[in-house]
Amino acid sequence: MKDRVTTDVGKLKKLGLLAAILILAVVALAAYLVRGGFRRFEISPYPIPPAAFTNWNDVLAHPRDISLTTFRTGVVHMDACRNLDPASPRQADCDHVPRDLAVLVHWVHHPQFGDFLIDTGFDDSFAKHPPYGSYTEAMKLFNWVKGVTNRQETGQDLSAQLARLNIQPKAVFFTHLHPDHTGGVPALGPQTEFVFGKAEASFLARAAVANHFSGKSKFSGIDFEAAPTMSPLGASVDLFGDGSLWAISVPGHTDDDIAFLVNGAKPVLLTGDASHFAWAFKTGVAPRGWNQAGTARGYVSVEQLRAFAKTYPSVKLIYGHEAEQFNLHAD
Ligand SMILES: [Zn+2]
Numbered sequence: 002m003k004d005r006v007t008t009d010v011g012k013l014k015k016l017g018l019l020a021a022i023l024i025l026a027v028v029a030l031a032a033y034l035v036r037g038g039f040r041r042f043e044i045s046p047y048p049i050p051p052a053a054f055t056n057w058n059d060v061l062a063h064p065r066d067i068s069l070t071t072f073r074t075g076v077v078h079m080d081a082c083r084n085l086d087p088a089s090p091r092q093a094d095c096d097h098v099p100r101d102l103a104v105l106v107h108w109v110h111h112p113q114f115g116d117f118l119i120d121t122g123f124d125d126s127f128a129k130h131p132p133y134g135s136y137t138e139a140m141k142l143f144n145w146v147k148g149v150t151n152r153q154e155t156g157q158d159l160s161a162q163l164a165r166l167n168i169q170p171k172a173v174f175f176t177h178l179h180p181d182h183t184g185g186v187p188a189l190g191p192q193t194e195f196v197f198g199k200a201e202a203s204f205l206a207r208a209a210v211a212n213h214f215s216g217k218s219k220f221s222g223i224d225f226e227a228a229p230t231m232s233p234l235g236a237s238v239d240l241f242g243d244g245s246l247w248a249i250s251v252p253g254h255t256d257d258d259i260a261f262l263v264n265g266a267k268p269v270l271l272t273g274d275a276s277h278f279a280w281a282f283k284t285g286v287a288p289r290g291w292n293q294a295g296t297a298r299g300y301v302s303v304e305q306l307r308a309f310a311k312t313y314p315s316v317k318l319i320y321g322h323e324a325e326q327f328n329l330h331a332d
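Here it is, written out as structure tokens:
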């Protein structure tokens, strides 16, 4: 009897040890997968100049000498409806056939201030190492589980397109920090400044994209709390102080998501992933957020964008990933 108890205790000890090793292994694996999240980003405040205008009527009545060129650095192939609020009753009407979503980069040229990008798309790692290029192990796993793949033609990557255009952007303004928007960062020089919403670089965002910023150190955060609300949109920042380029707070899909208005001869509103594609915008289905609160906030943002589009129909809309919305440049 005593022997049996001793044996059982021995077995229990072995089991306990095995469980401890397993737990440790799982924790170590999880920490390995999200290690980018532990990286600190030293972020300086973006110096917000006084705005040239305080309402959209005045902004649009004073177009500036600024140009916008949008190009595609690859595609994400997936059921696009899965980027939207999974609980929306409109999900049943959404076309769940997997399709190509454009991975866009926007080049903004200002004659006085220079060349800038909005988002960076993909670098050449996506043509070299399909389908996930320079994604982190966690993002590869996440996309593989979801059946999402990426594609890129040779010469379509960010550095090839910048070389053809002969530009070296001073700074990148990000709509948000997701890897299909930061994948081109390794193609940019160490002096490039990277600007995003002040609250955007959360642990989850850093876990997903920090690897793209290795060797980069110039980060600026836009504080929308210090910016005026410009109805029907939310907090809006006149980035250069001359009314030419506006950053508009549209949180939800991520914590500090940004849309941009380029106030050239033909004004354009870039919704970013506050609305991924035309159907989502037309039906008013918000993008999926990090969590339910994010998705709920996304509805506020998408309604503000829709109200703006209705009030100012002359402003062209470019959605976050819609491939069929304009004559795609340089590919
Ligand atoms: Zn995206």
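At the far end of the sequence shown sits residue 332, using our numbering, and the numbering has no gaps.
Note that CB positions come from ideal geometry on N, CA and C, so glycine has one too.
Please read all numbers here as calculations on a predicted model, not as lab measurements.
- Only residues of its own chain outside the window of five on either side were considered, and among them T74, G75, V104, L105, V106, L159, G184 and G185 have a CB closer than 7 angstroms to the CB of G122, listed in chain order.
- Runs of the alpha helix (DSSP H) lying entirely within the segment 37–92, each at least 4 residues long, are 57–62 in chain order.
- Ranking R152, P268, A211 and A164 by CA distance to the CA of D59 puts P268 first.
- The beta-carbon distance between I319 and T71, rounded to whole angstroms, is 6 angstroms. This is short enough to meet the 8 angstroms contact definition.
- Of all C-beta pairs linking the segment 225–240 to the segment 201–213, fewer than three are shorter than 8 angstroms, placing the two stretches out of contact.
- Taking 8 angstroms as the cut-off, the Cβ atoms of G273 and H130 do not count as close.
- Under a 10 Å Cβ-count criterion, S315 is classified as exposed, with fewer than 16 other Cβ atoms of the shown protein chains found around its own Cβ.
- Taking S203 as the centre and dropping the five residues before and after it, the same chain places the C-beta of D256 closer than 6 angstroms to its C-beta, in chain order.
- Nearest to S45 by C-alpha distance, out of S302, K199 and A308, is K199.
- With the criterion CB distance below 7 angstroms from any heavy atom of ligand 1, the matching residues run H179, D181, H182, D274, H277, G321 and H322 along the chain.
- A straight-line Cα-Cα distance of about 23 angstroms links G11 and A26.
- DSSP lists L85 as the bridge partner or partners of P288.
- In the three-state scheme derived from DSSP, where H, G and I count as helix and E and B as strand, K317 is classed as strand.
- Counting along the chain, the unbroken alpha helix (DSSP H) around T312 starts and ends at Q293 to T312.
- The three-state secondary structure of G122, taken from DSSP, is coil.
- Contact between the segment 238–253 and the segment 141–153 is absent: fewer than three C-beta pairs spanning the two stretches fall below 8 angstroms.
- Per DSSP, D101 is one residue of the beta strand (DSSP E) stretching across R100 to H111.
- A straight line joining the alpha-carbon of N84 with that of A93 spans about 14 angstroms.
- Within a 10 Å sphere around the beta-carbon of Y47 sit 16 or more other beta-carbons, which makes this residue buried.
- Around D224, the same chain offers P46, Y47, I49 and K199 as residues with beta carbons nearer than 8 angstroms, after the five sequence neighbours per side are excluded.
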